[in-house]
Amino acid sequence: MWQVGDTKLVLFEGVMGSGKSSTAQFAADVLKRYNRPVELYLEGDLDHPADFDRVACLDAEAFDAFMKKHPGDAAASAPFVTRRGDDVLVAYGKAGRAISLPLWEALQGFDIYEGITLAKHRELLQTRWGEFASEQAARESTMIFDCAFFQNPMCAFLAKHDAGRDAVVEHILTLAQKVQPLNPLLVYFYQTNLRESVERVCQVRSKEWLDFVISYHTEQGLGRAKGWNGFDGLISFLEMRQELELELCTKLPFQTLVLENSSHDWDAILPKVEQALLQG
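And the structure:
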């Protein structure tokens, strides 16, 4: 029987507007009630222990050349620099205004999600998740992640690079094998009417946000290859993604809880999440 405290990793996934973030917070509160040490990492957390958000990757030679062009940033950037073999990782998002704007913008061009090859991205992420799993195995706590396990790989492999379904499935299953010793639980939310769900999100988000999301999913990678355009194109991408993610849920080597929550009936949904956390 899966009991509270037995898992060291809980993953929440689903397309935008599915309620991942709020339910992840709910899960953290549930575990805390049972005196379980919990760390919650939501989308965009610059301190994420298994992912990279606004982190650049350069080879050592390129980084040293950057520093020669920006000598005044050497001391300020040092706390945000990690050397790993021939790679230099720079957490430019965390550095923020501590470094000059020209250096910040230059590093943005080497972002691990937006500015390097997919092969290098895959290598870095698989190493990152493996290191996280090893470190977390030694801790007596539960990590809760929102969107890092399905959504971010889907963005990198399909929305950005159009690498194909097989490539992203292989990548995610590799990550799954790395974290399997943590006895994870993945909670997946899906909607029968994605258009309605996304329209609901749009009512509380800015036009600039929607324009960016549409552009990201339709003007590059798979969206451009398919000829998907505008809001309808975004929905086409998300429908494809949800179908693939539901398929992935059946292939994972650990426990999953798949919930249809189109109606956002949280009085019915949250008890199921709590039961999964406590009993499995």
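So for the sequence shown, the working numbering puts the first residue at 18; every next one is plus one.
Note that beta-carbon positions come from the ideal geometry of N, C-alpha and C, so glycine has one too.
What you are looking at is a predicted structure, and each value in this text was computed from that prediction instead of being measured.
Excluding the 5 residues flanking residue i on each side, which residues of the same chain have their C-beta closer than 6 Å to its C-beta?
i       : result
Pro-288 : none
Glu-308 : No answer is possible for residue 308: it lies beyond the span of the chain, which begins at 18 and ends at 297.
Gly-113 : none
Glu-60  : Asp-163 and Cys-164
Leu-124 : Ala-73, Val-107 and Tyr-109
Ala-154 : Pro-198
Assign residue i to one of two classes, buried (16 or more other C-beta atoms within 10 Å of its C-beta) or exposed (fewer than that).
i       : result
Thr-209 : exposed
Tyr-51  : exposed
Pro-170 : buried
Lys-224 : exposed
Thr-159 : buried
Ala-67  : buried
Gly-181 : exposed
Thr-134 : exposed
Val-221 : exposed
Arg-139 : buried
Lys-85  : exposed
Excluding the 5 residues flanking residue i on each side, which residues of the same chain have their C-beta closer than 7 Å to its C-beta?
i       : result
Gly-238 : Leu-175, Ala-176, Lys-177, His-178 and Asp-179
Ile-286 : Leu-276 and Asn-278
Ser-191 : In the sequence as displayed, the identity of residue 191 is Thr instead of Ser. These residues qualify, in order along the chain: Gln-143.
Ala-95  : none
His-65  : Tyr-58 and Ala-165
Here's a check: name, in chain order, each residue in its chain whose Cβ is nearer than 8 Å to the Cβ of residue i, leaving out the five neighbours to either side.
i       : result
Gly-247 : Ile-231 and Thr-235
Leu-211 : Val-32, Ile-252, Leu-255, Glu-256 and Gln-259
Taking the alpha-carbon positions, what's the residue i to residue j distance?
i       : j       : result
Asp-104 : Glu-122 : 19 Å
Gly-147 : Val-196 : 7 Å
Ala-115 : Ala-93  : 6 Å
Leu-57  : Thr-99  : 24 Å
Arg-145 : Leu-295 : 28 Å
Thr-267 : Ser-117 : 47 Å
Leu-261 : Asp-183 : 10 Å
Ala-77  : Phe-97  : 15 Å
Ser-151 : Gly-244 : 42 Å
Glu-264 : Ala-293 : 20 Å
His-281 : Ile-129 : 34 Å
Ser-214 : Ala-193 : 28 Å
Ala-45  : Asp-249 : 35 Å
Ala-242 : Asp-284 : 41 Å
Lys-137 : His-87  : 25 Å
Measure from the C-beta of residue i to each C-beta in chain B and report whether the shortest distance is under 8 Å.
i       : result
Gln-208 : The chain inventory of the structure shown lacks chain B, comprising one protein chain alone.
Exercise. Would you say the segment 203-218 touches the segment 24-40, given that touching needs at least three Cβ pairs under 8 Å?
Worked result: Yes, the segment 203-218 is in contact with the segment 24-40.
Problem set entry | alpha helix (DSSP H) runs wholly inside the segment 85-169, at least 4 long, in chain order | The qualifying runs are 91-94, 109-112, 118-125 and 135-154.
Problem set entry | Ranges of the beta strand (DSSP E) found wholly within the segment 31-85, counting only runs of at least 3 | Here the runs fully enclosed are 55-58 and 73-76.
For this session: List in chain order: all unbroken alpha helix (DSSP H) runs of 4+ residues lying wholly within the segment 222-279.
Result: Complete alpha helix (DSSP H) runs here, min 4: 224-235, 238-243 and 247-266.
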